[in-house]
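Asker:
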Amino acid sequence: LAKTTQPISMDSYEGQEVNITCSHNNIATNDYITWYQQFPSQGPRFIIQGYKTKVTNEVASLFIPADRKSSTLSLPRVSLSDTAVYYCLVGGQAAGNKLTFGGGTRVLVKP
Amino acid sequence: EAGVAQSPRYKIIEKRQSVAFWCNPISGHATLYWYQQILGQGPKLLIQFQNNGVVDDSQLPKDRFSAERLKGVDSTLKIQPAKLEDSAVYLCASTSPVFSEAFFGQGTRLTVV
Chain A
4 LAKTTQPISM DSYEGQEVNI TCSHNNIATN DYITWYQQFP SQGPRFIIQG YKTKVTNEVA
64 SLFIPADRKS STLSLPRVSL SDTAVYYCLV GGQAAGNKLT FGGGTRVLVK P
Chain B
911 EAGVAQSPRY KIIEKRQSVA FWCNPISGHA TLYWYQQILG QGPKLLIQFQ NNGVVDDSQL
971 PKDRFSAERL KGVDSTLKIQ PAKLEDSAVY LCASTSPVFS EAFFGQGTRL TVV
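One line per chain: the protein sequences are A and B, in this order.
Sequential numbering of the first sequence, starting at 4, is according to our numbering.
Sequential numbering of the second sequence, starting at 911, is according to our numbering.
1. Below 8 Å CB to CB, which residues in the same chain sit around residue 984 of chain B once its five sequence neighbours on both sides are set aside?
2. Could you check which residue in A:34, A:103, A:96 and A:20 has the C-alpha nearest to that of residue 83 of chain A?
3. How big is the Cα-Cα spacing for residue 947 of chain B and residue 996 of chain B?
4. Can you give the beta carbon distance from residue 42 of chain A to residue 87 of chain A, rounded, assuming they're within the 8 Å contact cut?
5. Is residue 85 of chain A helix, strand or coil when you go by DSSP?
6. I'd like to know if the region 975–993 of chain B and the region 919–929 of chain B are in contact, where contact means that at least 3 CB-CB pairs between them fall below 8 Å.
7. Using the beta-carbon of each residue, which ones in chain B are nearer than 8 Å to residue 103 of chain A?
8. Give me the Cα-Cα distance between residue 966 of chain B and residue 959 of chain B, rounded to the nearest whole angstrom.
9. Name, please, each residue of chain E whose Cβ falls closer than 9 Å to the Cβ of residue 90 of chain A.
10. Return no unless some Cβ of chain B is closer than 8 Å to the Cβ of residue 63 of chain A.
11. Going by DSSP, which residues form a beta bridge with residue 963 of chain B?
12. Taking just the CA atoms, how far does residue 991 of chain B sit from residue 1022 of chain B?
13. Is any heavy atom of the ligand HEM found at a distance shorter than 7 Å from the C-beta of residue 28 of chain A?
14. Between residue 111 of chain A and residue 79 of chain A, what straight-line distance do the alpha-carbon atoms span, to the nearest angstrom?
15. For chain A, find out if any of its Cβ atoms is closer than 8 Å to the Cβ of residue 1014 of chain B; answer yes or no.
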């Protein structure tokens, strides 16, 4: 399984854009990149998934360069409620795949 | 659509006692995962079921942890005997037969004293 590396923590201010980069140098050809968000005292929640180029939904955007060795989760105009831990996972898209979490990035949004 | 249900929400036990956690996944979800999350760390996979069969239990401390999913629906995770280092949140998740998006329960916070 591809190992992921992401910053331990990031601080931001309300209204700013937050970009979290995840490195996955050993990503396999059929691997997808998935991001989860976890608030205190809750289980992780799926945010976005992509394979290449750019994916956007109502919550975030995911940018994946051509070599796919890294990816960047972009949170536009963050608010205090975006304070959470964000996890980058790499693995197959099919149901039943192993979901391996790393340490995540703790994002603190300040007023 | 009902989410992943877990119980209890909180549990405090003394070391060497036993404890069991219950999980009911989203209806129709074939894959079920149990994770252990120690404070300040990411979730660590303990065991993964596909229907009622074990797919991966390589990180389950089998001398004290056990899990079952007898009818391929709900699942129980047991610890016997508990140690102080088992204090953590135990998360259950499930995925649909089609897509790998995982849905997590709120978890059970275990404190071993």
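Heads up, the beta-carbon is just placed ideally off N, CA and C, and yes, glycines get one too.
Bear in mind the structure is a predicted one, so any value in this text is a computation, not a measurement.
Answerer: The relevant details are as follows:
1. Correct list, in chain order: 932, 933, 934 and 935.
2. Residue 83 of chain A has its Cα closest to that of A:20, out of A:34, A:103, A:96 and A:20.
3. Their backbone Cα atoms lie some 10 Å apart in a straight line.
4. So it is a contact: roughly 5 Å between Cβ atoms.
5. Looking at residue 85 of chain A - three-state DSSP - the assignment turns out to be helix.
6. Contact check between the region 975–993 of chain B and the region 919–929 of chain B: three or more CB pairs, one atom from each, fall below 8 Å, which counts as touching.
7. Neighbours of residue 103 of chain A on chain B, chain order: 955.
8. Separation of residue 966 of chain B and residue 959 of chain B (C-alpha to C-alpha, rounded to the nearest whole angstrom) is 7 Å.
9. Within the model displayed, chain E is absent; protein chains A and B are what it includes.
10. With 8 Å as the cut-off, residue 63 of chain A does not count as an interface residue toward chain B.
11. Answer is B:960.
12. Pairing residue 1022 of chain B with residue 991 of chain B, the inter-Cα distance amounts to about 11 Å.
13. In the structure on display, the ligand HEM does not appear, and there are no ligands present to speak of.
14. Computed Cα separation, rounded: 14 Å.
15. Taking a beta-carbon distance threshold of 8 Å, residue 1014 of chain B counts as an interface residue toward chain A.
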